[in-house]
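Novice:
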Amino acid sequence: MSEISAPKGVRDILPDESWKWDYVFGVLRKTAADFGFSEVHLPIFEHTELFSRGIGDTTDVVEKEMYTFTDKGGRSITLRPEATASMVRSYLEHRMGTLPQPVKLWCAGPMFRYERPQKGRYRQFWQVDFESLGSASPYADAEIIALSLEAFRRLGLSRLEVVINSVGCPACRPDYRRRLTEYFSSREGDLCETCRDRMGRNPLRILDCKKESCRQVTEDAPSVYESLCGECREHFDAVRSSLDGLGAVYRLDKRLVRGLDYYTKTAYEVLSGALGSQNAVCGGGRYDNLAEAIGGPHVPGVGFAAGVDRILMVMEQEGCSFGKEPRLDVFGVALDFRSRAAILSVVDLLRKNGISADMDFNDRSMKAQMKAASARNARLACILGEDELTRGTVAVKDLTTGEQKEIAGEGLAQAVKEMLSTLKG
RNA sequence: GUGAGCGUAGUUCAAUCGGUUAGAGCACUGGACUGUGGCUCCAGAUGUUGGGGGUUCGAGUCCCCUCGCUCACCCCA
Numbered sequence: 054m055s056e057i058s059a060p061k062g063v064r065d066i067l068p069d070e071s072w073k074w075d076y077v078f079g080v081l082r083k084t085a086a087d088f089g090f091s092e093v094h095l096p097i098f099e100h101t102e103l104f105s106r107g108i109g110d111t112t113d114v115v116e117k118e119m120y121t122f123t124d125k126g127g128r129s130i131t132l133r134p135e136a137t138a139s140m141v142r143s144y145l146e147h148r149m150g151t152l153p154q155p156v157k158l159w160c161a162g163p164m165f166r167y168e169r170p171q172k173g174r175y176r177q178f179w180q181v182d183f184e185s186l187g188s189a190s191p192y193a194d195a196e197i198i199a200l201s202l203e204a205f206r207r208l209g210l211s212r213l214e215v216v217i218n219s220v221g222c223p224a225c226r227p228d229y230r231r232r233l234t235e236y237f238s239s240r241e242g243d244l245c246e247t248c249r250d251r252m253g254r255n256p257l258r259i260l261d262c263k264k265e266s267c268r269q270v271t272e273d274a275p276s277v278y279e280s281l282c283g284e285c286r287e288h289f290d291a292v293r294s295s296l297d298g299l300g301a302v303y304r305l306d307k308r309l310v311r312g313l314d315y316y317t318k319t320a321y322e323v324l325s326g327a328l329g330s331q332n333a334v335c336g337g338g339r340y341d342n343l344a345e346a347i348g349g350p351h352v353p354g355v356g357f358a359a360g361v362d363r364i365l366m367v368m369e370q371e372g373c374s375f376g377k378e379p380r381l382d383v384f385g386v387a388l389d390f391r392s393r394a395a396i397l398s399v400v401d402l403l404r405k406n407g408i409s410a411d412m413d414f415n416d417r418s419m420k421a422q423m424k425a426a427s428a429r430n431a432r433l434a435c436i437l438g439e440d441e442l443t444r445g446t447v448a449v450k451d452l453t454t455g456e457q458k459e460i461a462g463e464g465l466a467q468a469v470k471e472m473l474s475t476l477k478g
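One rule links them: number in our numbering = place in the first sequence (from 1) + 53.
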C-alpha cells in the first residue's frame, strides 16, 4: 500500500487502544504496591555481554534473536530482550545488597527480539517485570506466583492455566541431565531431527518439543523429581504447599523447562486458553545463579515477566472491562468571526479549572462544530454567538439530554463543574 | 531461518470465462437546516488494483520475481 510504514514486527498503539493500556498499567501498579514492590525505570539497551553471560550463550534468545549493534564508541550494545538481567545488574551496581532483603522491584517497558512476527508475537513488545532479589526462601517463590495470579484476577482474566516445575540446581541438574541423555540415547530413533541435535547440547529442551513423536518418547522419560537433590526437593515441596495454602490452582508439568539458562529450582508459566499458538501470558521462576553469572556475588532471586500485548489481547478476547474511556468534558462552539475569538478564552478558562475542553480550529459552520462535538463524544457544548456576547453569557448544552441553559460568564467554570458532576458517567 | 495463505478507496468488501470508464456500504467533507449534534435525504472527494516483468488484441483477474501482511513451525511475553 503506502511506502511509509513502520518496520516489520513493530506497531503503533493508537488512541483507541492507548487508554486501555493506561488502565492495565494502573491495575498492575496498584497490585505491585499492594505486594510491596517498588517501581524502577531501566535502560532499554545494555552491554551485549550482560545478556550473553546472563541468559546463556546457547539459548535461542542470545543466539539469534538479539538486536545487537556497535555504537560510535565501538561498544557492543544490545536492545534488551528481557528485563531480569538488567534488574539484577541494577541491584548489583547500586549495592542493593546493603538494603533489607529481599529487595522487591518491578518495571515496565518494551523488549526487543528479532523473530518472525505472528499472532501475539512482536519484535518490540511490552513486559511488566517483577523481581524479588536477595531471598532464597520458597515463600518468595510463592509470593511471586501469587502476585502474578492476583494481577490477572484483578484484570479479569479467567481462562488461565498455571503450570509449575522444578529444574533443579547445579548440584542435581548434571545428574538429571545424564539420566535424560542415557534415556534419549536408547530412544534416539524415535526423536525428531532437532531433538537429536539437542541431545548433545541441552537434553532438557527435548522435554518441551511439541512434535507428537517426541512427546511419546518424553512420556516415559525419567522425571526430575527423582533426581532433585534434598535441598531442591524440599524447596519445591515448600513452594507447592504454600501455593496450596493460598488456594492457588496449578498443574505440575515435568516438561516445563523454559528457554533461559539462568533458571534454578522453580520454573512456572501462566497460559491463556484465549490465545492462539503464542499462549504464554507470563513466565518466570527462580534464578539463584544469575548474579554470579554476570560477575557479581551470590544473590538468589525469583521473579516473572508478563507480556502486556498478550494481556490486552486476552482481555479483549474475554470481553474484560477496561474501566471507562476518558471523555471530553466540553466542546466550544462559536457562531461567527467575533465569537470565535471569544470561545478560545472560554475553552482556556475551563482548562485552567481542570475541565477538559476543546474546540474547532477550521472556521467551520456552527452545524459542523456541533457535529464535531458529538463525534468527540463531549458531554457538554459551550456555545457562543452574538446574543451571548452582548449579554456576557455562554449557552451550555447537555449533549446527552439536549437541554440547554444560559450561564453568566463569571460563574461559568463553577456551573460547568456542577453540571459535569451531576451528569457522572 | 522454514512452510502455507492473502494483497482492490481511510476501512469492510464487490467486479461473470481474461473484455470496454474498477463499484458499493461505513467513515469523511459540504448542503437541505444563512444560531444547534445524533435521525433522514442530496451532493462531493478519494485508487500507481502493493511494486516490477511476462503472456495476450485486451490483465484487478493468468505466469514469474519482489515487497508487505497474516497464520503456523522454531522459541517465547
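Each residue gets a CB set at the ideal place from its N, CA and C atoms; glycine is no exception.
(1) In the DSSP output, which residue or residues are listed as bridge partners for Pro163?
(2) I need the boundaries of the alpha helix (DSSP H) containing Phe98, first residue and last residue.
(3) Less than 8 Å between the C-beta atoms of Phe165 and Arg176, yes or no?
(4) What is the DSSP secondary structure of Leu233, reduced to helix, strand or coil?
(5) Which class does Ser55 belong to by DSSP, given the choice of helix, strand or coil?
(6) Do Val310 and Asp273 have their C-beta atoms closer together than 8 Å?
(7) Let me make sure I understand the geometry here. Which of Thr123, Ala138 and Met252 has the alpha-carbon closest to that of Thr234?
(8) To the nearest angstrom, how far is the alpha carbon of Glu246 from that of Glu322?
(9) Assuming Ala410 and Leu403 form a contact by the criterion Cβ under 8 Å, report the distance between their Cβ atoms to the nearest whole angstrom.
(10) Using a 10 Å radius around the Cβ and a threshold of 16 neighbouring Cβ atoms, would you call Gln35 buried or exposed?
(11) Taking just the CA atoms, how far does Glu116 sit from Gly187?
(12) Is it a yes or a no for the segment 115-135 touching the segment 145-155, going by three-plus beta-carbon pairs under 8 Å?
(13) List the residues that DSSP assigns as beta-bridge partners of Gly337.
(14) Helix or strand or just coil, what does DSSP make of Met119?
(15) Closest to Thr111 by C-alpha separation, out of Gln370, Ser129, Leu397 and Asp314, would be which residue?
(16) Got a sec, what are the start and stop residues for the alpha helix (DSSP H) Phe78 sits in?
(17) Suppose only complete runs of 3+ residues qualify. What are the beta strand (DSSP E) ranges in the segment 375-431, listed by chain order?
(18) If you follow the alpha helix (DSSP H) that Cys267 is in, where does it begin and where does it stop?
(19) Start and end of the alpha helix (DSSP H) containing Glu471?
(20) Specify whether the segment 331-343 and the segment 353-361 touch according to this definition: at least 3 beta carbon pairs, one from each stretch, less than 8 Å apart.
(21) DSSP beta-bridge partners for Gln171?
(22) Return the bridge partner residues of Arg38 from the DSSP annotation.
(23) Restricting to Cα atoms, I'd like to know which of Gly376, Pro379 and Val400 is closest to Val386.
(24) Of the choices Phe205, Leu132, Ala136 and Arg64, whose alpha-carbon is the least far from that of Ala85?
(25) Indicate the three-state DSSP secondary structure (helix, strand or coil) for Val220 in the structure shown.
(26) CB-CB under 8 Å to Met54, same chain, minus the five flanking residues each way: which ones, in chain order?
(27) Going by DSSP, which residues form a beta bridge with Leu152?
(28) Leaving out five residues before and five after Arg128 in sequence, what residues of the same chain have Cβ atoms less than 8 Å from its Cβ?
(29) Are Ala195 and Leu296 touching if we call contact CB-CB under 8 Å?
(30) Quick one: what's got a C-beta closer than 6 Å to Asp124's C-beta in the same chain, skipping five residues either side?
(31) Would you check if the distance between the CB atom of Tyr303 and the CB atom of Val367 is smaller than 8 Å?
(32) Determine the direct distance from the alpha carbon of Arg432 to that of Thr453, and round the result to whole angstroms.
(33) Roughly how many angstroms lie between the CA atoms of Ala461 and Val447, to the nearest whole one?
(34) Report yes or no: do the segment 277-290 and the segment 316-331 share at least 3 C-beta pairs separated by less than 8 Å?
(35) Work out the CA separation of Trp72 and Leu473 for me, nearest whole Å.
(36) Given this structure, state the Cα-to-Cα distance separating Cys285 from Asn218, to the nearest angstrom.
Specialist: Here's the rundown:
(1) Here residue 163 is taken as the residue at index 110 of the first sequence, counted from 1. According to the DSSP secondary-structure assignment, Pro163 is paired through a beta bridge with Trp179.
(2) In the first sequence, the residue the question calls residue 98 occupies position 45. Where Phe98 is concerned, there is no enclosing alpha helix (DSSP H), although the beta strand (DSSP E) it sits in stretches over Phe98 to His100.
(3) On the first sequence, residue 165 is found 112 positions in, with the first residue counted as 1. On the first sequence, residue 176 is found 123 positions in, with the first residue counted as 1. Contact flag set, yes.
(4) For the purposes of this step, residue 233 is identified with residue 180 of the first sequence, where counting begins at 1. Residue state, collapsed to three classes: helix.
(5) Counting from one through the first sequence, the residue named residue 55 turns up at place 2. At Ser55, the pLDDT of 43 sits below 50, so the modelled position is not reliable; the number obtained from the coordinates is stated separately. Coil at Ser55, not helix or strand.
(6) Mapped onto the first sequence, residue 310 falls at position 257. Mapped onto the first sequence, residue 273 falls at position 220. Against a cut-off of 8 Å, the Cβ pair of Asp273 and Val310 comes out as no contact.
(7) Indexing the first sequence from 1 puts residue 234 at position 181. Residue Met252 is the option with its Cα nearest to Thr234.
(8) The count along the first sequence starts at 1 and reaches residue 246 at position 193. The count along the first sequence starts at 1 and reaches residue 322 at position 269. So the alpha carbons of these two residues sit roughly 27 Å apart.
(9) Counting from one through the first sequence, the residue named residue 410 turns up at place 357. Counting from one through the first sequence, the residue named residue 403 turns up at place 350. Between Leu403 and Ala410 the Cβ distance is about 4 Å, and since that is below 8 Å, they are a contact.
(10) Shown here, the chain extends from 54 to 478; a query on residue 35 therefore has no answer.
(11) To locate residue 187, count along the first sequence from 1; it is residue 134. To locate residue 116, count along the first sequence from 1; it is residue 63. Roughly 29 Å between the two C-alpha positions.
(12) no
(13) In the first sequence, the residue the question calls residue 337 occupies position 284. Gly337 pairs with Tyr321 and Phe357.
(14) Working through the first sequence from its first residue, we reach residue 119 at position 66. Note: Met119 maps to coil in three-state DSSP.
(15) Your numbering for residue 111 matches position 58 in the first sequence. When only C-alpha atoms are compared, the closest one is Asp314.
(16) To locate residue 78, count along the first sequence from 1; it is residue 25. It spans Pro68 to Asp87 - the alpha helix (DSSP H) in which Phe78 sits, taken as one unbroken run.
(17) With a minimum length of 3 residues, the continuous beta strand (DSSP E) runs that stay inside the segment 375-431 are 383-387 and 410-412.
(18) Position 214 of the first sequence, counted from the start, is the residue given in the question as residue 267. Taken as a continuous stretch (DSSP letters only), the alpha helix (DSSP H) holding Cys267 covers Glu265 to Glu272.
(19) One-based indexing of the first sequence puts residue 471 at position 418. From DSSP, the alpha helix (DSSP H) with Glu471 extends over Leu465 to Leu476.
(20) Contact between the segment 331-343 and the segment 353-361 is present, because at least three Cβ pairs lie under 8 Å.
(21) Taking the first sequence and counting its residues from 1, one reaches residue 171 at position 118. Bridge partners of Gln171: Arg174.
(22) Because the chain here runs from 54 to 478, residue 38 falls outside it and cannot be looked at.
(23) The residue given as residue 386 occupies position 333 in the first sequence. Selected option, being the one with the closest Cα: Val400.
(24) Within the first sequence, residue 85 is the residue found at index 32, counting from 1. When only C-alpha atoms are compared, the closest one is Phe205.
(25) The residue you call residue 220 lines up with position 167 of the first sequence. Three-state DSSP puts Val220 in coil, outside helix and strand.
(26) As a working mapping, residue 54 is identified with position 1 in the first sequence. Residue placement at Met54 is poorly supported in this model, since its pLDDT is 37, which falls under 50; the coordinates still yield a value, given next. Closer than 8 Å at the Cβ level, and outside the excluded window around Met54, lies no residue.
(27) Counting from 1 along the first sequence, the entry for residue 152 is found at position 99. According to DSSP, which records beta bridges pairwise, Leu152 is partnered with nothing at all.
(28) Working through the first sequence from its first residue, we reach residue 128 at position 75. Excluding positions up to five away in sequence, the list reads His100.
(29) One-based indexing of the first sequence puts residue 195 at position 142. One-based indexing of the first sequence puts residue 296 at position 243. Ala195 is a Cβ neighbour of Leu296, given a cutoff of 8 Å.
(30) Residue mapping note: residue 124 aligns to position 71 of the first sequence, counting from 1. Excluding residues within five positions, the ones whose Cβ falls inside 6 Å are Ile130.
(31) On the first sequence, residue 303 is found 250 positions in, with the first residue counted as 1. On the first sequence, residue 367 is found 314 positions in, with the first residue counted as 1. Result no, Cβ atoms of Tyr303 and Val367 do not sit closer than 8 Å.
(32) In the first sequence, residue 453 corresponds to position 400, counting from 1. In the first sequence, residue 432 corresponds to position 379, counting from 1. Distance between the alpha carbons of Thr453 and Arg432 is about 7 Å.
(33) Within the first sequence, the letter at position 408 stands for residue 461. Within the first sequence, the letter at position 394 stands for residue 447. Answer to the nearest angstrom: the Cα atoms are 6 Å apart.
(34) Under the 8 Å Cβ criterion, the segment 277-290 counts as touching the segment 316-331, having at least three qualifying pairs.
(35) Numbered from 1 along the first sequence, position 420 holds the residue referred to as residue 473. Numbered from 1 along the first sequence, position 19 holds the residue referred to as residue 72. Approximately 21 Å between the Cα atoms of the pair.
(36) The count along the first sequence starts at 1 and reaches residue 285 at position 232. The count along the first sequence starts at 1 and reaches residue 218 at position 165. Answer to the nearest angstrom: the Cα atoms are 11 Å apart.
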